[in-house]
Amino acid sequence: MKACLNGGRRRGEHEAVPLTPQELARDARGAVAAGAAALHVHPRDPGGAETLDAAACGTAITTIREACPGTPVGVSTGAWMAPEPRVRAGLIEAWAVLPDFASVNFSETGAADVCASLIRRGIGIEAGLWSVEDVRVFAGTGLAAWCLRVLVEALPPDPKDAVAAAAAIDAALDDAEIWLPRLHHGEGLATWAVLDAALGLARDVRVGFEDTLVLPDGRSARDNAELVEAAVRLVRQHGHRPAASGTPT
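In our numbering, the protein residues as written are 1 to 249.
See the structure below:
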């Protein structure tokens, strides 16, 4: 199970959203102690904006690794941080401290170029698929052999619709004969329905403030660790054992 600690969240959405490297490290330590085996973060610039800048990313990754040695750390390459694909790829090429993996959204222009930069740097790739059309795009690139896993990203806010969206992406991956490991996640309260359905299929999952601020009963979560604790309970209810920290997910 992976913990996604902040995403694009702002402090106004929840007072405990981690933004600085030190805050990310604190939350990472708590999430790993609660049962997370990998971490996904969105480093921030001094003004609090998400960034691919080498210095900001390097400081965040290094600080998290000092707090959680041996736990894989990944970042986003979302186009909202650098809309021009060549600029995004150039920022990745400039990284001095490398994450263990990075997510690439195949709904975005230039996904293949971003993947090429990650491959050159030896960084693992998570293929982010938001729809059946994204599966078609991904399959057409021939990049599956270079990827660690697929992120089945169920975006609808309604729990039933989100579970159906994840199932449709899964089916499209089957049709395309893409057999990479699949990690499922949702958004908001739908997060928990998506995780429950995914665990019923023995899929990997993720949880954290990037995806949801609420627990399965709708209460506001205290922090990322409490979200991970709730997900671990769900994992165990399905008869699975949470992976040890540092285990690839």
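All C-beta atoms in this analysis are idealised placements derived from N, C-alpha and C, irrespective of residue type, glycine included. No experiment lies behind these values; they were computed from the predicted model shown.
Item to check | Sequence-distant residues of the same chain with beta carbon closer than 6 Å to Arg9, five excluded per side | outcome: Excluding residues within five positions, the ones whose Cβ falls inside 6 Å are Val17 and Phe209.
Item to check | Thr109 classed as buried or exposed, judged by whether at least 16 other C-beta atoms fall within 10 angstroms | outcome: exposed
Checklist entry - Whole-angstrom Cβ separation of Ala102 and Glu84, contact assumed at under 8 Å? => result That belief does not hold up - the Cβ atoms of Ala102 and Glu84 are roughly 18 Å apart, past 8 Å.
Item to check | Terminal residues of the alpha helix (DSSP H) in which Ala112 lies | outcome: Unbroken alpha helix (DSSP H) run through Ala112: Ala111 to Arg121.
Checklist entry - So who's on the other strand from Ser131, going by DSSP bridges? => result Ser131 is not bridged to any residue.
Checklist entry - Looking at Trp192 and Pro216, is the spacing between their C-beta atoms short of 7 Å? => result Yes, the pair counts as a contact, with Cβ atoms nearer than the cut-off.
Checklist entry - Identify the residues that DSSP records as bridge partners of Ala38: which are they? => result Lys2
Next on the checklist: One question on the structure: do Leu118 and Ala82 come within less than 7 Å of each other, judged by their Cβ atoms?
Outcome noted: Taking a C-beta distance under 7 Å as the contact criterion, Leu118 and Ala82 do not qualify as a contact pair.
Checklist entry - Leaving out the 5 sequence neighbours to the left and right, which residues in its chain are closer than 7 Å to Gly30 when beta-carbon positions are compared? => result Asp223, Asn224 and Ala225
Next on the checklist: Output needed for Arg182: all residues of its chain with C-beta closer than 6 Å, excluding positions within five of it in sequence on either side, in chain order.
Outcome noted: Val150, Val152 and Arg203
Checklist entry - Is Gly58 near Val97, with beta carbons less than 7 Å apart? => result yes
Item to check | Burial state of Trp95, where buried means 16 or more other Cβ atoms lie within 10 Å | outcome: buried
Checklist entry - When the distance is taken between beta carbons, is His40 closer than 7 Å to Lys2? => result yes
Checklist entry - What are the boundary residues of the alpha helix (DSSP H) that Glu226 is part of? => result Asn224 to Gln237
Item to check | DSSP state of Asp100 mapped onto helix, strand, coil | outcome: coil
Checklist entry - CB Val75 to CB Pro46, shorter than 7 Å? => result For Val75 and Pro46, no; Cβs fall outside 7 Å.
Item to check | Span of the alpha helix (DSSP H), counted from its first residue to its last, around Gly331 | outcome: Here the chain comprises residues numbered 1 to 249, so residue 331 is not present and cannot be evaluated.
Item to check | Between the CA atoms of Glu187 and Gln237 - distance to the nearest angstrom | outcome: Roughly 21 Å between the two C-alpha positions.
Checklist entry - Thinking just about the alpha-carbon of each residue, which of Ser107, Glu50, Ile92 and Ala28 is nearest to the one in Pro69? => result Residue Ala28 is the option with its Cα nearest to Pro69.
Next on the checklist: So if DSSP puts Glu50 in a beta bridge, which residue, or which two residues, is it bridged to?
Outcome noted: Arg44
Item to check | Through-space distance from Phe106 to Gly12, alpha-carbon basis | outcome: 29 Å
Checklist entry - Pick from Glu93, Arg88, Ala37 and Ala60: whose alpha carbon is nearest that of Pro72? => result Ala37
Checklist entry - Does DSSP put Glu126 in a helix, a strand or coil? => result strand
Item to check | Any alpha helix (DSSP H) of 4 or more consecutive residues that is wholly inside the stretch 126-182 | outcome: 132-141 and 159-175
Checklist entry - Can you name, in chain order, every residue of its own chain whose Cβ lies under 8 Å from the Cβ of Ala116, other than the five neighbours on each side? => result Ala89
Next on the checklist: What does the alpha-carbon distance come out to for the pair Ala67 and Glu23?
Outcome noted: 11 Å
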